[in-house]
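Going by the numbering used here, the first sequence opens with residue 609, and the numbers climb by one from there. Cβ coordinates follow ideal geometry from the N, Cα and C atoms, glycine included. Everything numeric in this text was worked out from a predicted model, so none of it was measured.
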Amino acid sequence: MGLQIFNTRTRRVEPFKPLDPSGRRVGMYCCGPTVYDYGHIGNFRTFVFADLVRRYLEFRGYEVRHVMNITDVEDKIIRGVRETGLSLQEYTSRYEKAFWEDAAALHLLTPHCRPRAAEHIGEIIKLVQRLMERGFAYKAPDGSVYFSIERYCRAGHRYGQLLNLDLDQLRPGARVSSDEYAKDAAADFALWKARSPEDGEVYWESPWGEGRPGWHIECSAMSMKYLGPSFDLHLGGEDLIFPHHEDEIAQSEGAELQPSGRPFVNYWLHGAHLLVEGRKMSKSLGNFFTLRDLLAQGFAGREIRFLLLSAHYRDPLNFTLQGLRAARGALERLDDCLQSLREIAGDAEAEPQPEPLDRFTAAMDENLNVSAGWAAVFDWVREQNRAIREGRLTPNQAAAALAAWRRLDSVWGLGEPEEKVPEEILALARERQEARKARDFQRADAIREELLRRGWRVEDTPKGPRVKRN
RNA sequence: GGCGGAGUAGCCAAGUGGCAAGGCAGGGCUCUGCAAAAGCCCCAUUCGUCGGUUCGAUUCCGACCUCCGCCUCCA
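1. Which value, in whole angstroms, describes the spacing of the CA atoms of Leu883 and Asp955?
2. Please say whether Met889 and Phe927 have beta carbons closer to each other than 9 Å?
3. Among residues of its own chain, excluding the 5 on either side of Val621, which ones have a beta-carbon nearer than 7 Å to its beta-carbon?
4. Three or more beta-carbon pairs under 8 Å between the stretch 912-927 and the stretch 957-973, yes or no?
5. Give the straight-line distance between the Cα atoms of Asp973 and Phe667, rounded to the nearest whole angstrom.
6. Nearest to Leu1059 by alpha carbon, out of Lys1071, Pro1030, Pro641, Glu991?
7. Just to confirm the assignment, what range does the alpha helix (DSSP H) spanning Met609 have?
8. In the structure shown, what three-state DSSP assignment does Pro623 receive?
9. Going by C-alpha to C-alpha distance, which of Ile649, Gly1023, Phe968 sits closest to Leu1111?
10. What is the rounded straight-line gap between the Cα of Pro867 and the Cα of Ser838?
11. Indicate the three-state DSSP secondary structure (helix, strand or coil) for Lys684 in the structure shown.
12. For Phe707, I'd like the list of residues in its chain whose CB is within less than 7 Å of its CB, leaving aside the five on either flank, ordered along the chain.
13. Could you tell me which uninterrupted alpha helix (DSSP H) segments, each at least 4 residues in length, are contained entirely in the stretch 980-1066, listed from first to last along the chain?
14. Rounding to the nearest angstrom, what Cα-Cα distance links Met832 and Ser752 in this structure?
15. What's the call for Asp923, buried or exposed, on a 16-neighbour Cβ count within 10 Å?
16. Return the bridge partner residues of Leu917 from the DSSP annotation.
17. Could you name the residues of the same chain whose beta carbon sits closer than 7 Å to that of Val672, not counting the 5 residues immediately before and after it, in chain order?
18. Taking only the alpha-carbon atoms, compute the straight-line gap between Pro749 and Arg724 and give it to the nearest angstrom.
19. Please state the DSSP three-state secondary structure of Trp800.
20. Could you tell me whether the Cβ atoms of Leu716 and Val810 are closer together than 9 Å?
21. Less than 9 Å between the C-beta atoms of Ile678 and Glu709, yes or no?
22. Output the distance between the C-alpha atoms of Leu1080 and Asp1068, rounded to the nearest integer angstrom.
23. Might you give, ordered along the chain, the residues of its own chain that have their beta carbon closer than 6 Å to the beta carbon of Asp645, omitting 5 neighbours on each side?
24. Round the Cβ separation of Tyr921 and Gly862 to the nearest angstrom and send it over; I've been treating them as touching at under 8 Å.
25. Pull up the DSSP beta-bridge partners for Cys638, would you.
26. Pick helix, strand or coil for Gly781, following the three-state DSSP scheme.
27. Grab me the residues of Ala1012's own chain with a C-beta within less than 7 Å of its C-beta, minus the 5 sequence neighbours each way, in chain order.
28. Measure the beta-carbon distance from Arg1040 to Val1066 and round it to whole angstroms, keeping in mind my assumption that it falls under 8 Å.
29. How would you label His720, buried or exposed, when you count the other beta carbons within 10 angstroms and need 16 or more for buried?
30. Which value, in whole angstroms, describes the spacing of the CA atoms of Ser786 and Val736?
31. Around the Cβ of Met676, are there at least 16 other Cβ atoms within 10 angstroms (buried) or fewer (exposed)?
32. For Pro815, which of Leu773, Ala794, Glu1032, Arg738 has the nearest alpha-carbon?
33. Please report the residue range of the beta strand (DSSP E) in which Pro1073 lies.
34. Can you name, in chain order, every residue of its own chain whose Cβ lies under 7 Å from the Cβ of Pro1003, other than the five neighbours on each side?
35. Can you give the Cα-Cα distance for Arg1014 and Ala1006, rounded to whole angstroms?
36. Since I believe Glu854 is in contact with Tyr767 (beta carbons under 8 Å), could you give me their beta-carbon distance rounded to a whole number of angstroms?
So, in structure tokens, the structure goes:
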């Protein structure tokens, strides 16, 4: 039994099978950030989810090619450019850099390919041209190019693959900009937007005049460029199902580059949103957290990652600071166990224990059931602790346990605690240990108090004292 | 209004037609110079509410309540 995964396209949990005839290589595209601001914790839930998918596929022996786009042309970006007076590149590179810093703090594996929309205008124009040739796109009086859903459907394509759609029911949005009136039908969407005065210097030449790409087209152009016209996995937040991903399918399948019978994307995976303190995260409610806010409050990236991996990806996750503190506690338990195992194992090397891996794999194969996966981990931790306490763990056994953990952590991506203990703290700890040996407990306790004042806690173990951040 | 997701202990969160995993927090004990950590034990007669099907439902069906998402550029 291999990995089973929920596919939004079929609305079912189904076995994962790569398109690659050898069954090894997997193409995976994840909608990346729009770089107009610092990423918030909700954004990162989705990226941690995508990272988990990639890591688990690799754990399962697949060779994954992971592509994540950077959206660096878009309404909010253009507004930012206008307001700051920076160039497009200056403006977006600042936030893109911040994004990759945040991604590293959360231990996200770097995608193999990170294309920027603004650097793929040529590919985008070519794709729009092809859609024009196929008769699925039209130039409107305002100079923009739109995708005609009606013509696409008349040609035998299906619009509405990811959700039940009643196009007549589509309620017009509150904002109706002038170009909306230029479309043939309300549901048609822009492939190319004619340059407007607000765009300032953000525009490119095209066969239809100056302008910029529509929102969805970059993902079609770049995913097909780097993964081919038909690939395995496409992921994103659930809010992207419509219209973004639906339109992406229309553009990509409208280009008709896929081998016959093959869809643009085989498996669509969508992550549920995050709630904060039980409510939708919003700036006006004051429950809006960027990742940087949390790091600045002293939470470690791995603690945040742990919390984001504590709920199933298709369920809403309620993010709270209390939850983050609970994550810290759970991680500490795990870290302590691993530290003890390391002390016992010494230099010993061994093959991984099979047991925790089997249980973990069985859990994760079932649509990435992380909760059952964690249960496997913590039951295993209890077993190891018991063996350690009873002194019945040989260095080889400890090494085998650690090897198993390394396999598990190739998926969890927690790594080791990042904090280095400063030399003066270690010196105090040594001093206290000397006092203890001399049975000068008053002095030992005084030093412990001093360490606590400095924010460090000391624990005496059979292998000597351990110092931990309080 | 349409479509979709969710409601399980103080908090987070699995799961199953037959008497409810795991984590955090809390309580007791053991160990420890004292602590901490760890170990052992305890901590939901109950799974949003009300009906129905069934020998038996948290799990299936129906209604209702609440929350969340999408319905044109929000992960």
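To lay it out plainly:
1. Rounded to the nearest angstrom, the two C-alpha atoms are 45 Å apart.
2. Yes.
3. The answer, listed in chain order, is Gln612, Ile613, Phe614, Asn975.
4. Under the 8 Å Cβ criterion, the stretch 912-927 does not count as touching the stretch 957-973, having fewer than three qualifying pairs.
5. Asp973 and Phe667 have their C-alpha atoms roughly 11 Å apart.
6. Closest in alpha carbon position to Leu1059, among Lys1071, Pro1030, Pro641, Glu991, is Pro1030.
7. No residue range can be given for Met609, since it is assigned to no alpha helix (DSSP H) and is classified by DSSP as neither H nor E.
8. Note: Pro623 maps to strand in three-state DSSP.
9. As shown, the chain starts at 609 and ends at 1078. That puts residue 1111 outside it, with no answer to give.
10. Approximately 8 Å between the Cα atoms of the pair.
11. DSSP places Lys684 in helix when its eight states are reduced to three.
12. If we look at Phe707 and ignore the five residues flanking it on each side, its Cβ neighbours are Pro641, Val643, Gly647.
13. Those alpha helix (DSSP H) runs which fall completely within the stretch 980-1066 and span 4+ residues are 1003-1020, 1031-1045, 1049-1061.
14. Roughly 23 Å between the two C-alpha positions.
15. Asp923 comes out exposed.
16. Residue pairing by DSSP places Leu917 in no beta bridge whatsoever.
17. Cβ neighbours of Val672 beyond the five flanking positions: Val634, Met636, Arg662, Leu665, Glu666.
18. CA-to-CA, the gap between Pro749 and Arg724 works out to about 29 Å.
19. Looking at Trp800 - three-state DSSP - the assignment turns out to be strand.
20. Going by C-beta atoms, Leu716 is not nearer than 9 Å to Val810.
21. Taking 9 Å as the Cβ cut-off, Ile678 and Glu709 do not qualify as a contacting pair.
22. The structure shown does not extend to residue 1080, since the chain is modelled only from 609 through 1078, so no value can be given for it.
23. Residues of the same chain with a CB within less than 6 Å of the CB of Asp645, apart from the 5 flanking positions on each side, do not exist.
24. Their Cβ separation, rounded to whole angstroms, is 30 Å, which puts Tyr921 and Gly862 out of contact at 8 Å.
25. Answer by DSSP bridge pairing, in chain order: Met676, Leu843.
26. In this prediction, Gly781 scores a pLDDT of 39, lower than 50, which makes its location untrustworthy; the coordinate-derived value is nonetheless stated afterwards. Here Gly781 carries a coil assignment [DSSP, helix/strand/coil].
27. Closer than 7 Å at the Cβ level, and outside the excluded window around Ala1012, lie Pro960, Gln961, Pro964, Leu965.
28. Under the criterion of beta carbons closer than 8 Å, Arg1040 and Val1066 qualify as touching, at roughly 7 Å.
29. Counting the other CB atoms within 10 Å of its CB gives His720 a total below 16, which places it among the exposed residues.
30. Confidence in Ser786 is poor, its pLDDT being 40 and thus under 50, which makes the residue's placement too unreliable to answer from.
31. With at least 16 other beta carbons inside 10 angstroms of its own, Met676 counts as buried.
32. The option with the nearest alpha carbon to Pro815 is Arg738.
33. For Pro1073, the enclosing beta strand (DSSP E) stretches over residues 1072-1077.
34. Cβ within range, chain order: Ile952, Ala953, Gly954, Ala956.
35. Those two C-alpha atoms are separated by around 12 Å.
36. Indeed, because the Cβ distance is near 7 Å, the residues count as touching under 8 Å.
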